[in-house]
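All letters in the sequence shown, in the order written, are residues 44 to 106 by this note's numbering. All C-beta atoms in this analysis are idealised placements derived from N, C-alpha and C, irrespective of residue type, glycine included. Below is one structure; the comments refer to it alone.
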Amino acid sequence: MCTVVPISLTVGANRIVPTIAIPHPLGNPALTPKDEYELRYKLVEKALEALETPVEGQKVFEV
Numbered sequence: 044m045c046t047v048v049p050i051s052l053t054v055g056a057n058r059i060v061p062t063i064a065i066p067h068p069l070g071n072p073a074l075t076p077k078d079e080y081e082l083r084y085k086l087v088e089k090a091l092e093a094l095e096t097p098v099e100g101q102k103v104f105e106v
């Protein structure tokens, strides 16, 4: 999970899940608590999916 995908690509990460922003990678303080929970849940769910997915080379998992 990363906030700056080009850096992850440059260093050779094989599974990349983009997140929200550098100061708040797994959340958005402008959202209501319920909406932020749903956002975080969705991001973690995508990260777990990425770990379960066989990859060759690099892959960016869109959220």
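DSSP, reduced to helix, strand and coil, places residue 61 within a strand of the structure shown.
By the C-beta criterion, the segment 80-97 is judged to be in contact with the segment 50-66, since at least 3 inter-stretch pairs fall below 8 Å. DSSP places residue 103 in the strand class (E or B) of the three-state scheme. A direct Cα-Cα distance of roughly 18 Å separates residue 85 from residue 47. Counting only the Cα atoms, residue 51 lies some 17 Å from residue 69.
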